Ligand code: F6R
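Numbering (my numbering), first residue to last: 1 to 608.
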């Protein structure tokens with residue numbers, strides 16, 4: 001987590017790095033800071049809170065520096081206070097650094113330096129980097145940097161300045177992303193190319209173990225042994241997505257409303273209905289590889305894992321392919337068995353999730369073929385996998401994932417349909433599913449039109465502090481996702497269960513103060529779900545049902561019903577998820593929460 005940004009050139013550095021930091025704020029927003037060198041001394045400003053607080057603090061200072069580094073933090077080691085905010089320094093304050101990642105052996109290194117009478121000011125793991133560089137420095141900055149890097153275990157992207165080298169920024173990366181933007185006599189560094197895309201689209205990406213120096217005349221990059229590296233300059237395609245809330249109160253609400261369009265974007269030139277085929281040629285899929293696929297392994301975290309979970313039902317049902325879905329942070333520490341003919345699919349909106357990237361590295365080391373399902377073409381995940389399928393959701397600014405989730409599920413559905421048709425599906429079956437999936441954008445429009453009804457439900461129920469979300473089959477992973485939405489933006493405790501599991505323990509929690517959200521969109525298991533809801537009702541638990549219009553009997557059981565348009569079980573997770581995103585949104589709004597940037601979260605989880 002955390003975002004780092006830097007500028008070296010001829011312009012005033014402060015407005016450029018503040019602007020860059022604002023773009024990176026999705027990576028954390030606990031505190032922010034900036035450092036540079038003026039009159040032979042390091043200068044810095046830092047403050048808790050968002051980048052705007054820092055911007056206000058330094059607006060009055062009229063800083064004229066042309067070189068600066070900056071940081072926006074998501075706290076890992078050390079609480080959210082000014083001493084733990086970046087930049088960090090060596091004891092003499094001659095070096096200032098900003099860091100993204102975790103230095104795992106920092107306590108051991110710290111103990112060692114403390115024995116040499118070096119004093120530490122913060123509780124962070126990051127301070128050790130500045131202290132080591134300051135300790136080893138004897139006039140040669142690069143040498144001190146490379147020597148320090150050899151001591152560090154863990155993941156890092158680092159940028160720093162030294163008071164004796166006023167127009168330079170030193171950089172290093174291992175396991176955390178760092179991109180360098182190349183302008184005319186000016187250079188940028190950023191955790192994410194979007195940070196500087198408005199200035200330049202010429203980019204180099206640091207590889208693991210590389211380090212170097214940026215100055216306004218150029219850059220030098222070295223490998224970990226100090227050998228000069230030859231770097232390829234890449235031209236990043238600028239996307240035409242506009243980043244604006246339009247007239248919506250929050251990005252999250254705008255992104256929920258984007259969904260008819262973002263789903264439709266995935267459908268363009270996709271269906272050949274008369275042949276019952278889903279065409280994925282433009283995605284560059286290797287058809288022969290797909291033909292040989294007899295098993296699928298899906299890796300992801302959080303919401304992307306929920307999408308993958310739905311995907312596992314889809315692959316088994318539509319293409320009869322045995323599918324295993326794993327949480328990356330667990331999977332990476334197993335000793336995975338990679339079988340021939342297994343297609344590995346790594347799903348990540350950001351493409352920067354550390355655990356998913358590490359799990360992919362592990363599988364690639366074992367010779368697996370990995371495809372990414374991602375929203376970011378230039379992400380680390382896209383660069384380390386064999387092939388990327390883009391979900392084309394457009395930028396997702398709200399920290400809680402909404403339109404990326406639905407597009408992940410839709411893309412997995414398309415892949416499952418394609419694979420199913422290649423393997424066994426008849427033309428008639430395929431045509432049926434194509435007709436069903438094509439309905440989705442319009443069904444989402446119908447849900448959005450009923451926002452007022454969902455708002456009314458949220459008004460009625462927002463004072464409850466505990467919720468159950470129950471579903472069966474496709475509705476179980478959909479309930480996990482819906483409960484996560486409620487937790488992360490409204491801070492209400494929400495537990496999702498496969499409805500049949502309730503009686504094996506959790507039912508003890510049901511009473512009049514614990515409402516159940518019933519996800520009723522799986523026709524195949526509908527009557528079974530009704531029995532489970534009767535068990536809830538018998539214990540006085542309030543029930544709010546989200547049910548398709550053809551659901552018989554639900555009205556007599558539930559306290560409230562939100563009616564959904566009908567669609568086949570396979571694709572029913574899309575409309576119901578949109579309705580429950582809106583429910584979480586209005587619940588959070590009634591409780592006065594910071595919806596776009598909920599507490600303790602970050603959009604891109606770049607630490608394990
Ligand atoms: C929840 C949410 C997270 C992410 C998770 C993985 O709304 O956004 O749970 O889904 O951190 O992120 P990506 O998809 O970027 O790998």
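Yeah, the Cβ is synthetic: ideal placement off N, Cα and C, and Gly gets one too.
Quick caveat, the model's predicted, so the values are computed rather than measured.
Do the CB positions of residue i and residue j come within less than 8 Å of each other?
i: residue 259; j: residue 297; result: no
i: residue 119; j: residue 91; result: yes
i: residue 497; j: residue 470; result: yes
i: residue 500; j: residue 516; result: no
i: residue 200; j: residue 213; result: no
i: residue 173; j: residue 157; result: yes
i: residue 578; j: residue 444; result: yes
i: residue 186; j: residue 7; result: yes
i: residue 45; j: residue 602; result: no
i: residue 328; j: residue 355; result: yes
i: residue 304; j: residue 232; result: no
i: residue 573; j: residue 180; result: no
i: residue 494; j: residue 586; result: no
i: residue 257; j: residue 251; result: no
i: residue 161; j: residue 76; result: no
i: residue 521; j: residue 548; result: yes
i: residue 5; j: residue 195; result: yes
i: residue 399; j: residue 1; result: no
i: residue 47; j: residue 53; result: yes
i: residue 392; j: residue 599; result: no
i: residue 278; j: residue 418; result: yes
i: residue 352; j: residue 604; result: yes
Check whether the Cβ of residue i lies closer than 7 Å to any heavy atom of ligand 1, and answer yes or no.
i: residue 484; result: yes
Which residues does DSSP pair with residue i in a beta bridge?
i: residue 71; result: 4 and 33
i: residue 498; result: 471
i: residue 202; result: 235
i: residue 176; result: Note: residue 176 sits in no beta bridge, so no partner.
i: residue 444; result: Answer is none; residue 444 lacks a bridge partner.
i: residue 134; result: Note: residue 134 sits in no beta bridge, so no partner.
i: residue 170; result: 160 and 213
i: residue 112; result: Looking at the DSSP assignment, residue 112 forms no beta bridge with any residue, so it has no partner.
i: residue 466; result: 493
i: residue 546; result: 519 and 562
i: residue 220; result: 213
What would DSSP say about residue i, mapped onto helix, strand or coil?
i: residue 297; result: strand
i: residue 516; result: strand
i: residue 560; result: strand
i: residue 80; result: coil
i: residue 602; result: coil
i: residue 578; result: helix
i: residue 532; result: helix
i: residue 268; result: coil
i: residue 195; result: helix
i: residue 490; result: helix
i: residue 88; result: strand
i: residue 228; result: strand
i: residue 541; result: coil
i: residue 261; result: helix
i: residue 99; result: strand
i: residue 628; result: As shown, the chain starts at 1 and ends at 608. That puts residue 628 outside it, with no answer to give.
i: residue 302; result: helix
i: residue 480; result: helix
i: residue 248; result: coil
i: residue 255; result: helix
i: residue 308; result: helix
i: residue 280; result: coil
i: residue 144; result: helix
i: residue 458; result: helix
i: residue 552; result: coil
i: residue 119; result: coil
i: residue 507; result: helix
i: residue 155; result: strand
query: What runs of the alpha helix (DSSP H), each 4 residues or longer, lie entirely inside the region 13-68?
result: 13-24 and 51-59
message: As an exercise, report each continuous alpha helix (DSSP H) stretch of at least 4 residues that is fully enclosed by the region 353-424, in chain order.
response: 354-365, 380-384 and 403-423
query: Hey, which residues come within less than 5 Å of ligand 3, measuring from Cβ to any heavy atom, in chain order?
result: This structure does not include ligand 3; its bound ligands are ligand 1.
message: Extract the residue ranges of the beta strand (DSSP E) inside the region 311-347, only unbroken runs of 3 or more that lie entirely within it.
response: 323-327
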